[in-house]
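Presented below is the structure to which this report refers.
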Amino acid sequence: MTEFRELKSSSGRLGLLLSLAFVTSVLVLTGRIGAGREAADVLKRAMYGFDSEQQVYAAPAESDQCTRASAAAALYEGGWQELTVPKCHESAPLMASCTARLGHQWLWSQQVCSARHHNVTELRAALQRKRVHFLGDSHGRNCYTWLKLHLEGKLDAEAETVLPHTHADIYWHGVASTGETAADYSKGDLHLTMHWLPEVSELMARIKELEAHPLGLPDVMVISTSSWNYVLKKTLQDLQDELEQLRKLVIAADARARKSGRHVLWMLVTAPQRVRGRSWSSTWHAPVGIVPLYNKALLASGMLHPQGPMLLLDLDTLTKSCLQWCSADGLHANSAVYALSHQMIVNLLELPAQHP
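When we follow our numbering, the leftmost residue of the sequence shown carries the number 4, and every step to the right adds one.
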């Protein structure tokens, strides 16, 4: 048995951000701003409430100012670097993640609070006795699968493996001291669960069930949604309406958790841009530009800090400069990107949820 068995802000805010998204797209098309990170920065400045570009990724000036929310955006200031030899140097300054088999590492451009690279042993220790749940679509499922392999010490060896397209709930319990699989929940101290929930309504129902569970909400909730909107023949307005309902649910659930003294790390996943001609499924031959529209709806949903409790697990930003080699199949990021996402999650988890 699995352990599971044992947001749209105010209409004015949403309208402002969606208008900004439209203007940003126009600026990109007319060459006023670049189509890469600059365009994403415009939206992120609005989302995080910053007034200048310099502040978008600025790390807190002093360590005692560091919280999950204050450090979250700064963790994306960096870039991919090709390895000159197929070997990782885990102690390299500002190295966030490295996947030797794929020949790339991610380096931060500055020190962000206490952020650092965690080797496998440290990754297990950071997640020991934590419950990490992924809810949603295949982007969350792949994050779950690569994290399982990461904790088992197999990620680099399996880095080019084609992952199964499992449309079902899956879970794993492990032993932190060895990375081995535990017989059941009670025998392990590492706990991962993937809830396959491509529709927002299903996702909401599962959050309610998890909150009602005797153990309460998990320590980490990674939510990936919107990718199935086109397949399910739903409009962008349908998605926005559903995200508004999800926003209300998440904010209320987080408030109740905080009242009981628990601080859940909520992560909202954006999807990478698609690479034409490399998709494994004809189902996903959606109109050009549909993924950016869905990502903009997520950014404008009001679920992200400071309007809501969520922080961004921004696969879109992490893959913008590397799709030629870091898109696994035209739809999903590859193992190097997910290995980096694990470092993002763990570094945020180790920071205080709020100022003392």
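Yeah, the Cβ is synthetic: ideal placement off N, Cα and C, and Gly gets one too.
- [ ] Kindly indicate the opening and closing residues of the alpha helix (DSSP H) around Q243.
- [x] L239 to K262
Open item on the list: For a test of the three-state rule: what should DSSP assign to H345, helix, strand or coil?
Closed with: helix
TODO: Flag this pair as yes or no: are the beta carbons of K151 and L195 separated by less than 8 Å?
DONE: yes
Task: Cβ neighbours of H92 in the same chain (closer than 8 Å, five flanking residues each side left out) - done: M98 and C101
Task: Cα-Cα separation, A95 to G333 - done: 31 Å
TODO: Flag this pair as touching only if the stretch 132 to 146 and the stretch 69 to 87 have three or more C-beta atom pairs under 8 Å; answer yes or no.
DONE: no
Task: Span separating the alpha-carbon of L271 from that of T87 - done: 34 Å
Task: Inter-residue Cα distance where the pair is L105 and T169 - done: 24 Å
TODO: Using 10 angstroms around the beta-carbon of Y112, count the other beta-carbons present and answer buried if the total reaches 16, otherwise exposed.
DONE: Here residue 112 turns out to be Ser, not Tyr, going by the sequence shown. Exposed is the call here.
Task: Secondary structure of T164, DSSP reduced to three states - done: coil
Task: Entirely enclosed alpha helix (DSSP H) segments - the stretch 195 to 237, minimum 4 residues - done: 203 to 215
TODO: Please report the residue range of the alpha helix (DSSP H) in which H136 lies.
DONE: H136 -> not in any alpha helix (DSSP H); beta strand (DSSP E) instead, spanning K133 to G139.
TODO: Assign L334 to one of three DSSP states: helix, strand, or coil.
DONE: coil
Open item on the list: Is the beta carbon of G177 closer than 8 Å to that of L154?
Closed with: yes
- [ ] Could you tell me if L130 is buried or exposed, where buried requires 16 or more neighbouring beta carbons within 10 angstroms of its beta carbon?
- [x] buried
- [ ] Using the Cα positions of L352 and L268, report the straight-line distance between them to the nearest angstrom.
- [x] 7 Å
Open item on the list: I'd like to check one pair, C146 with S344: are the Cβ atoms closer than 8 Å?
Closed with: yes
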